[in-house]
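Numbering (our numbering), first residue to last: 257 to 878. Beta carbons: idealized from backbone N, C-alpha and C, even for Gly.
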Ligand SMILES: Nc1nc2c(ncn2[C@@H]2O[C@H](COP(=O)(O)OP(=O)(O)OP(=O)(O)O)[C@@H](O)[C@H]2O)c(=O)[nH]1
Ligand SMILES: [Mg+2]
């Protein structure tokens, strides 16, 4: 069958645009409403990119549709306009047939091909009530189609079809708008279910069509539940069963399907349209009048209470939004949690990286440059110029001491144990850091962000991270060499720059050596043999003392260089690498900021909106 209607888009456009806002528009709500619409639109897009479960996406879309198509017009003054009756149901269930029964004429295209109707179509009485206040002639994502199109056109559009009411025939269009809609059987088919959700968002009353064979299909039933959760009153209509089984089938449907839905009290009635002849289908107000009457009674009952129905509907929608916020924000919270975990892993990995460098390299590193600096310092303390004769003499006197010390060093192995080389230690510590991520990513596979991280690991993370390490390492090593060199050189250069202090030290050292040797000789008197033995011993003792003091000083400087090395390692290597890894994951900083903003704003705004709707509607929060 084809539609017997024509489209007068121009007239509808002017009616919709010209319906205007009422003077009592709660302007205070507008910023909140707009922020929510923006946040929900962003969340939907984000959820889609994240490939979230379809039920999650559907909830987000419904939330956005309720905001834009129901709460916005109501807050802007559309309080008691014509009821918006929306027929929903599975593919081929009989939605278009029910629409025709409500209208009283066979104007909606019915078709044996299930899934025929692909975009929402509003049927309005010519010069009668129009769809709810539309902003820019849009119904959410749907554009108003300006030309008449078949119901099967698969586009993000909606139509408004004026119908000339037949004299003497009662029609729902006298005080309501009837929407025929696409099916929801294809729960997975994101693209056209979204169109249905826009019109559900708008609905004051839902007619849920189900055919006798498929009345308990899972997906339409889940949809029915969602509609009830959103607080829409629902009339169910079972079709196509033999007339004598109508009562028992409706009863069965009520018990087995409706009663199992926790929100079932919102189901206002369960009706039946048994299997009819083609003639009856073409003449709903005449030949099929008896089956049409109960449907029409429902419309009349709800229409008499249009204002209260709408107020209850928006209150229920606001409550649904407020109570469902955790589900709407689930995708954002999951991803923020994943980001937190990633950041925690980076921080943990950074501490392990620093600790390992400290343990396996830095704490054992002797910095040979400081040994050379000690020798240089000791040389510097020897007398210069003519005094060198004395110094050399003392050097000769200390020969037995040097030989014995050398021997002891050889035997006791005081040469420092070989430390692990720096670069391999660093590289293996860094690999361990990356391995920890790889392990976590594998464990958490299933979460989209971790999945993405895992695939990036498998692709190019390791080489990119190694390249980053190599770049930071070169910087660190250059700075560290400079630092060690500077500190080690300062040990003797500082003294060289202060000749007075140097000479005082040299003088003091010489004075101690001379005094102790002279004292020994004087004490021993004429015992030449004793002098030969004890004088080198005393000279050795004073030299050892000087060396110990010198070494202590150099060790202190060495420790300072090590401390500085720690700082340099943090600043030039560990921190830049951690920052690089923090920036790296799947999301941009902007997206993270947006996620945080959404999670923070949405609950607060939903609460404000709910409070304001309840205050206006005088409804309690269930
Ligand atoms: N003979 C007969 N056919 C019926 C009856 N009810 C529905 N049909 C047919 O079943 C088919 C599907 O009905 P529609 O009303 O188009 O179903 P729909 O839910 O709108 O289908 P889609 O838009 O394709 O999802 C059409 O060919 C109808 O004519 C009935 O009582 N008797
Ligand atoms: Mg249809």
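Does residue i come out as helix, strand or coil in the three-state DSSP assignment?
{"i": "residue 324", "result": "helix"}
{"i": "residue 350", "result": "coil"}
{"i": "residue 262", "result": "For residue 262, the predicted model reports a pLDDT of 36, less than 50, meaning its position is unreliable; a value from the coordinates is still stated below. Three-state result, residue 262: coil."}
{"i": "residue 853", "result": "helix"}
{"i": "residue 436", "result": "strand"}
{"i": "residue 401", "result": "coil"}
{"i": "residue 563", "result": "helix"}
{"i": "residue 308", "result": "coil"}
{"i": "residue 599", "result": "helix"}
{"i": "residue 584", "result": "helix"}
{"i": "residue 345", "result": "strand"}
{"i": "residue 465", "result": "strand"}
{"i": "residue 672", "result": "For residue 672, the pLDDT reaches just 49, beneath the cut-off of 50, and the residue's location in the model is therefore unreliable, although a value from the coordinates is still provided. Residue 672 falls in the coil class under three-state DSSP."}
{"i": "residue 831", "result": "helix"}
{"i": "residue 613", "result": "helix"}
{"i": "residue 373", "result": "coil"}
{"i": "residue 527", "result": "strand"}
Please list, in chain order, all residues of the same chain as residue i whose beta carbon is under 8 Å from its beta carbon, the five residues on each side excluded.
{"i": "residue 866", "result": "574, 575, 577, 578 and 877"}
{"i": "residue 525", "result": "491, 492, 550 and 554"}
{"i": "residue 604", "result": "692"}
{"i": "residue 761", "result": "637 and 751"}
Mark residue i as exposed unless 16 or more other C-beta atoms lie within 10 angstroms of its C-beta, in which case mark it buried.
{"i": "residue 768", "result": "exposed"}
{"i": "residue 873", "result": "buried"}
{"i": "residue 493", "result": "buried"}
{"i": "residue 351", "result": "buried"}
{"i": "residue 660", "result": "exposed"}
{"i": "residue 447", "result": "exposed"}
{"i": "residue 487", "result": "buried"}
{"i": "residue 332", "result": "buried"}
{"i": "residue 808", "result": "exposed"}
{"i": "residue 468", "result": "buried"}
{"i": "residue 497", "result": "buried"}
{"i": "residue 559", "result": "buried"}
{"i": "residue 460", "result": "buried"}
{"i": "residue 861", "result": "buried"}
{"i": "residue 869", "result": "buried"}
{"i": "residue 844", "result": "exposed"}
{"i": "residue 765", "result": "buried"}
{"i": "residue 736", "result": "buried"}
Who are the Cβ neighbours of residue i in its own chain at under 7 Å, not counting the five residues just before and after it?
{"i": "residue 906", "result": "Only positions 257 to 878 of the chain appear in the structure, and residue 906 is not among them; the question remains open."}
{"i": "residue 411", "result": "375"}
{"i": "residue 672", "result": "Bear in mind that the predicted position of residue 672 carries a pLDDT of just 49, short of 50, making it unreliable; the figure below should be weighed with that in mind. Closer than 7 Å at the Cβ level, and outside the excluded window around residue 672, lie 622."}
{"i": "residue 429", "result": "359, 379, 380, 381, 384, 419 and 421"}
Could you tell me the distance, in whole angstroms, from the CA atom of residue i to the CA atom of residue j?
{"i": "residue 832", "j": "residue 632", "result": "37 Å"}
{"i": "residue 319", "j": "residue 731", "result": "53 Å"}
{"i": "residue 549", "j": "residue 527", "result": "10 Å"}
{"i": "residue 815", "j": "residue 710", "result": "42 Å"}
{"i": "residue 495", "j": "residue 342", "result": "17 Å"}
{"i": "residue 620", "j": "residue 614", "result": "8 Å"}
{"i": "residue 407", "j": "residue 414", "result": "9 Å"}
{"i": "residue 294", "j": "residue 399", "result": "18 Å"}
{"i": "residue 871", "j": "residue 567", "result": "11 Å"}
{"i": "residue 779", "j": "residue 610", "result": "59 Å"}
{"i": "residue 775", "j": "residue 743", "result": "39 Å"}
{"i": "residue 298", "j": "residue 316", "result": "10 Å"}
{"i": "residue 370", "j": "residue 482", "result": "22 Å"}
{"i": "residue 557", "j": "residue 353", "result": "21 Å"}
{"i": "residue 500", "j": "residue 701", "result": "55 Å"}
{"i": "residue 677", "j": "residue 793", "result": "40 Å"}
{"i": "residue 818", "j": "residue 827", "result": "14 Å"}
{"i": "residue 683", "j": "residue 690", "result": "11 Å"}
{"i": "residue 688", "j": "residue 372", "result": "58 Å"}
{"i": "residue 662", "j": "residue 646", "result": "23 Å"}
Less than 6 Å between C-beta atoms, sequence neighbours within five positions excluded: which residues of the same chain meet that for residue i?
{"i": "residue 859", "result": "581"}
{"i": "residue 834", "result": "602 and 606"}
{"i": "residue 269", "result": "Bear in mind that the predicted position of residue 269 carries a pLDDT of just 29, short of 50, making it unreliable; the figure below should be weighed with that in mind. Closer than 6 Å at Cβ, skipping near neighbours: 393."}
{"i": "residue 612", "result": "685"}
{"i": "residue 348", "result": "370"}
{"i": "residue 758", "result": "751"}
7 Å is my cut-off, CB to CB: does residue i come that close to chain C?
{"i": "residue 720", "result": "In the displayed structure, chain C is absent; only one protein chain is listed."}
### Sequence-ordered residues whose beta carbon comes within less than 7 Å of a heavy atom of ligand 2
Matched residues: 351, 352, 364, 365, 366, 367, 372, 373, 407 and 436.
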